[in-house]
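Participant: Pasting a structure here, questions to come.
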Amino acid sequence: MATDARVKELFAGELAARASKQFENAGENWPKKDLGFFFPENENTVDLCALAVLDKALKEDGTTVPKKVRNNVALLISTKTKAGNAVKIIGLTTLQPTPK
Amino acid sequence: MIMKKRFSFYMLLCVITVSARSAAAAEPTAFLRADGKTYYIVVKADPPLWNGRDPVSGQVIQADVAKDIIASVYQNGRLVPTTIAVSGTPGFDFIVKLTDISILNGDFDPLLLAVHRYPTGPAQTAGFSVDDVSSEISASLTQKSGTCVEGFPLEVKLGDGVLPSDYILGRLETLLAYMRRVSPTTQVESDTAIKAEPRQLKSDLAFFGKPTDDKRFFECLALAKDPPSGTFDIKFTYPADAPIELRHPFLKTDIENASHGVTPFSVDDANVGERAIEENLDLSLQFSSSVADKTVKDAAGMDVPVRVRDNTGTLDLRIAPLLNLLSLPDPGSTTFKFLTPLLIDARVSTGKINKDTLSLNRIVIGSEFEIRHYTNTSTFPSYQRYILSFRNASDRDFKQAEWKGALEFQPVFSALDRPLRFRRNSAERELDQDPDRAPKDFPTIVGFGIEFLPLVGFEMGKTWRNKSPFAAIEQTEFVRRLYFGGTLNLDLTAYVRLSLKDILYVRGETSEDRLRNYFLGSIEVPLPSFTRNASSNAFFSFERGAQPPFASPGVNALKIGYRVQWDGWFGKRR
Chain A
1 MATDARVKEL
11 FAGELAARAS
21 KQFENAGENW
31 PKKDLGFFFP
41 ENENTVDLCA
51 LAVLDKALKE
61 DGTTVPKKVR
71 NNVALLISTK
81 TKAGNAVKII
91 GLTTLQPTPK
Chain B
101 MIMKKRFSFY
111 MLLCVITVSA
121 RSAAAAEPTA
131 FLRADGKTYY
141 IVVKADPPLW
151 NGRDPVSGQV
161 IQADVAKDII
171 ASVYQNGRLV
181 PTTIAVSGTP
191 GFDFIVKLTD
201 ISILNGDFDP
211 LLLAVHRYPT
221 GPAQTAGFSV
231 DDVSSEISAS
241 LTQKSGTCVE
251 GFPLEVKLGD
261 GVLPSDYILG
271 RLETLLAYMR
281 RVSPTTQVES
291 DTAIKAEPRQ
301 LKSDLAFFGK
311 PTDDKRFFEC
321 LALAKDPPSG
331 TFDIKFTYPA
341 DAPIELRHPF
351 LKTDIENASH
361 GVTPFSVDDA
371 NVGERAIEEN
381 LDLSLQFSSS
391 VADKTVKDAA
401 GMDVPVRVRD
411 NTGTLDLRIA
421 PLLNLLSLPD
431 PGSTTFKFLT
441 PLLIDARVST
451 GKINKDTLSL
461 NRIVIGSEFE
471 IRHYTNTSTF
481 PSYQRYILSF
491 RNASDRDFKQ
501 AEWKGALEFQ
511 PVFSALDRPL
521 RFRRNSAERE
531 LDQDPDRAPK
541 DFPTIVGFGI
551 EFLPLVGFEM
561 GKTWRNKSPF
571 AAIEQTEFVR
581 RLYFGGTLNL
591 DLTAYVRLSL
601 KDILYVRGET
611 SEDRLRNYFL
621 GSIEVPLPSF
631 TRNASSNAFF
641 SFERGAQPPF
651 ASPGVNALKI
661 GYRVQWDGWF
671 GKRR
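Each protein sequence line maps, in turn, to chains A and B. For the first sequence, position 64 matches number 64 in my numbering, and the numbering has no gaps at all. Residues are numbered in my numbering as their position in the second sequence, beginning at 1, plus a constant of 100.
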């Protein structure tokens, strides 16, 4: 079960690996930064980072989501999205439909 | 009298708070709970409530410690009727039962618990207060998710620092069952509407998350009808007798429902086939009526000038039903693929096709495929773009048609794609020290930036259908053309930018004049302002050579310019 705290750890790990200098520069405030701060003017690298976090969280949970849902995550997260909001979007996306 | 009562109430709270804070790291907590129609506050005291036993012998010396607890609950400064009992709930010391449940009706005001005195030992007491006693479970509207894009997720989860317990898991299940049964009423207020208006929710709302496993869940509150475009507020309200966690309205403000941008008045009059396809449909219809002098033969066969009115209707169409047919990279992959299977770029008009109206009668149909492979996904990425396109161009009547295929390779190297604008620094704000506010980002002014974008491509094409050639339309040769070059932009600090573009064409369609080159160089210098109301810049550019289809002689042009913008003269603005 991917909690928001766990997704935040995963996201921090991805940013530290992919945009180490920017991540270091942002320090504790990284969740308040727009993703464009880490990946300037490039929606593709934002998508790759966000989807890597989503895929890792889902793998830890042992679940998957349909392709359409992955596409939705990429649509919702852009260079203008704050990193903290991206964490929340991914955390909620990992939740599976509630059984009736 | 009321003033006096309130004054003594706040004085009391101050005393309690001070005494509680003087105790070492005291962290008492209190939560509002519900059991059917019974409501109570569970209290964890710190230091803990005395158990009534002698600390040395362990013998019970006071059976009922609850009678020594003096606690009050206030709502809006008014005392709320309560009873106190020792808690049987693990982790909590005592409970304060609310005997008047009417105080919790609807969107009730917060409760304040003041424990004036409670025993911590045989002859020891302490006190504390807890502001805003709320449930351990919070419900709030939150970010959209990949599974709730169109709706508004209402998340029900444990409050900050709250650990799961049997009560909480049971309560989550209770809330889930209620929310499945009862939907909130919904109101939407557009920024451009005078009043808020009710909206219906979809009948089959989706839920995500399992209370027992995830310790949270959310309901995707999706509207039956699209929300208004532009900016709007939305409010969801459960009935007044809903579970206490759902009694306050859920309001989300300033939601942007981006509508399509305003359609521009003018039509993109660039050449058909060279215009960008960025929309699924871009259609315009024009009707023009003009008068011009023309010469016609009179009865005697002499040319005579006459004024003739010419009416022309024009259809301008760009359509791509599927801008991209392919999905995002699979997990682990860093290759994006884009396929626009069909695009039509057309401009056709009424009347005869001649040299003057040729550009008004072109229809281009084609498709485009791109592979964009990332070898480095960092802040300054490296990637390669392979663009394959095929296009067929014809006249309005499909009497003469030509095809053109092109393959282009554009590598982007991390080390050579670092313009100064990509670099931003971050710093804490000095005037506003609100910790929740993001630190400021500012552009790098001093430094060196480079942006080198090479390209190499090959294109070929030929007229393949020529049923009834128009004199105005020249039949094209079999074109085979290799080209390579690139663009180099150098930022010499943020104040000087040097840009160089050079492309060499190797023409296979002709044995003479096989090599053609095109060069464009420019320097842009934003100049310092000589007044705060003015800005200026200087530029210099040099252009030499020719570009496809090489129908006209090459250019050799030098441009030097200076531009200034200045306003606020005589203290007036418009």
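Every residue, glycine too, gets a C-beta built ideally from N, C-alpha and C.
For residue 46 (chain A), which beta-bridge partners are listed by DSSP?
Facilitator: The partner list for residue 46 (chain A) (beta bridge, DSSP) is empty, contrary to what the question assumes.
Participant: Using C-beta distances below 6 angstroms, list every residue in its chain close to residue 340 (chain B), excluding the 5 sequence neighbours before and after it, in chain order.
Facilitator: Closer than 6 angstroms at the Cβ level, and outside the excluded window around residue 340 (chain B), lie 205 and 206.
Participant: Any C-beta of chain A within less than 8 angstroms: which residues of the stretch 230-250 of chain B qualify?
Facilitator: Under the 8 angstroms Cβ criterion, the stretch 230-250 of chain B contributes 242, 243, 244, 245, 246, 247, 248 and 249.
Participant: Going by beta carbon distance, what residues of the same chain come within less than 6 angstroms of residue 306 (chain B), once the five residues before and after it are set aside?
Facilitator: So the qualifying residues of the chain are 320.
Participant: Listed in chain order, which residues of the stretch 71-89 of chain A have Cβ atoms closer than 8 angstroms to some Cβ of chain B?
Facilitator: The residues in question are 71, 72, 73, 74, 75, 76, 82, 85, 88 and 89.
Participant: Ends of the alpha helix (DSSP H) at residue 130 (chain B)?
Facilitator: Residue 130 (chain B) -> not in any alpha helix (DSSP H); beta strand (DSSP E) instead, spanning 129-135.
Participant: On the DSSP letters alone, give me the boundaries of the alpha helix (DSSP H) that residue 274 (chain B) sits inside.
Facilitator: Taken as a continuous stretch (DSSP letters only), the alpha helix (DSSP H) holding residue 274 (chain B) covers 266-281.
Participant: With distances taken between CB atoms, is the gap from residue 70 (chain A) to residue 49 (chain A) smaller than 9 angstroms?
Facilitator: Cβ distance not < 9 angstroms, so residue 70 (chain A) and residue 49 (chain A) don't count as in contact.
Participant: Going by C-alpha to C-alpha distance, which of B:534, B:521, B:301 and B:562 sits closest to residue 545 (chain B)?
Facilitator: Measuring from the Cα of residue 545 (chain B), the nearest candidate turns out to be B:521.
Participant: Give the range of the alpha helix (DSSP H) segment to which residue 311 (chain B) is assigned.
Facilitator: 311-314 is the span of the alpha helix (DSSP H), which, as asked, contains residue 311 (chain B).
Participant: Whose C-alpha, out of A:29, A:23, A:61 and A:47, is nearest the C-alpha of residue 314 (chain B)?
Facilitator: For residue 314 (chain B), the nearest C-alpha among the options comes from A:61.
Participant: Establish whether the CB of residue 274 (chain B) and some CB of chain A are separated by less than 9 angstroms.
Facilitator: Answer no: the Cβ-Cβ gap between residue 274 (chain B) and chain A never drops below 9 angstroms.
Participant: When we look at the beta-carbon of residue 397 (chain B) and count the other beta-carbons within 10 Å, is it buried (16 or more) or exposed?
Facilitator: The residue in question, residue 397 (chain B), is exposed, as its Cβ has fewer than 16 Cβ neighbours within 10 Å.
Participant: Taking the alpha-carbon of residue 165 (chain B) as reference, which of B:148, B:656, B:219 and B:370 has the nearest alpha-carbon?
Facilitator: Out of B:148, B:656, B:219 and B:370, B:219 has the C-alpha closest to the C-alpha of residue 165 (chain B).
Participant: Express the C-alpha separation of residue 374 (chain B) and residue 414 (chain B) in angstroms, rounding to a whole number.
Facilitator: Approximately 19 angstroms, taken between the alpha carbons.
Participant: Please report the residue range of the beta strand (DSSP E) in which residue 467 (chain B) lies.
Facilitator: Where residue 467 (chain B) is concerned, the enclosing beta strand (DSSP E) stretches over 462-476.
Participant: Is any beta-carbon of chain A found at less than 9 angstroms from that of residue 479 (chain B)?
Facilitator: Interface residue, yes.
Participant: May I have the straight-line CA-CA distance separating residue 302 (chain B) from residue 323 (chain B), to the nearest angstrom?
Facilitator: Taking the straight line from one Cα to the other gives about 6 angstroms.
Participant: 9 angstroms is my cut-off, CB to CB: does residue 11 (chain A) come that close to chain B?
Facilitator: Chain B contact via Cβ: absent.
Participant: Can a CB atom of chain B be found closer than 9 angstroms to the CB of residue 60 (chain A)?
Facilitator: Answer no: the Cβ-Cβ gap between residue 60 (chain A) and chain B never drops below 9 angstroms.
Participant: So, residue 290 (chain B) versus residue 350 (chain B), is the Cβ gap smaller than 9 angstroms?
Facilitator: It is not a contact, given that the beta carbons lie outside the stated cut-off.
Participant: Note down the Cα distance separating residue 402 (chain B) from residue 393 (chain B), rounded to an integer number of angstroms.
Facilitator: Looking at the two C-alpha atoms, the distance is approximately 16 angstroms.
Participant: Compare the C-beta of residue 53 (chain A) against all C-beta atoms of chain B and say whether one is closer than 9 angstroms.
Facilitator: No, because no Cβ of chain B sits closer than 9 angstroms to the Cβ of residue 53 (chain A).
Participant: With a cut-off of 8 angstroms, do at least 3 Cβ pairs link the stretch 544-561 of chain B to the stretch 493-508 of chain B?
Facilitator: Yes, the stretch 544-561 of chain B touches the stretch 493-508 of chain B.
Participant: So, with DSSP's three-state summary, where would you put residue 88 (chain A)?
Facilitator: Of the three classes helix, strand and coil, the one that applies to residue 88 (chain A) here is helix, per DSSP.
Participant: Three or more C-beta pairs closer than 8 angstroms, one from the stretch 29-43 of chain A and one from the stretch 73-82 of chain A: is that the case here?
Facilitator: At 8 angstroms Cβ cutoff, the stretches touch.
Participant: What are the residues of the stretch 431-443 of chain B that lie near chain A, defined by any Cβ-Cβ distance shorter than 7 angstroms?
Facilitator: Result list: 431, 434 and 436.
Participant: Any idea if residue 297 (chain B) is buried or exposed, counting beta-carbon neighbours within 10 angstroms, 16 or more meaning buried?
Facilitator: By the neighbour-count rule (16 or more Cβ atoms within 10 Å), residue 297 (chain B) is not buried but exposed.
Participant: In the DSSP assignment, find the alpha helix (DSSP H) that holds residue 396 (chain B) and state where it starts and stops.
Facilitator: Careful: residue 396 (chain B) lies outside any alpha helix (DSSP H), inside the beta strand (DSSP E) at 381-397.
Participant: What three-state label does DSSP hand residue 613 (chain B) in the structure shown?
Facilitator: Residue state, collapsed to three classes: coil.
Participant: Going by alpha carbons, who is nearest to residue 156 (chain B) out of B:193, B:221, B:179 and B:132?
Facilitator: Per the Cα distances, B:221.
Participant: Which residues of chain B have a Cβ atom closer than 7 angstroms to the Cβ of residue 93 (chain A), listed in chain order?
Facilitator: Near residue 93 (chain A) (Cβ distances below 7 angstroms), the residues of chain B are 245, 246 and 247.
Participant: Can you tell me whether residue 504 (chain B) is buried or exposed? The criterion is at least 16 other CB atoms within 10 Å of its CB, across all chains shown.
Facilitator: Its Cβ being crowded by 16 or more others within 10 Å, residue 504 (chain B) is buried.
Participant: At the level of alpha carbons, what is the spacing between residue 270 (chain B) and residue 130 (chain B)?
Facilitator: For residue 270 (chain B) and residue 130 (chain B), the distance between alpha carbons rounds to 19 angstroms.
Participant: Which residues in chain B have a C-beta closer than 8 angstroms to the C-beta of residue 63 (chain A)? List them in chain order.
Facilitator: Ordered by position in chain B, no residue passes the 8 angstroms Cβ test against residue 63 (chain A), which lies about 11 angstroms from the chain.
Participant: Buried or exposed for residue 662 (chain B), please, with buried defined as at least 16 other CB atoms from any protein chain shown within 10 angstroms of its CB.
Facilitator: Label assigned to residue 662 (chain B): exposed.
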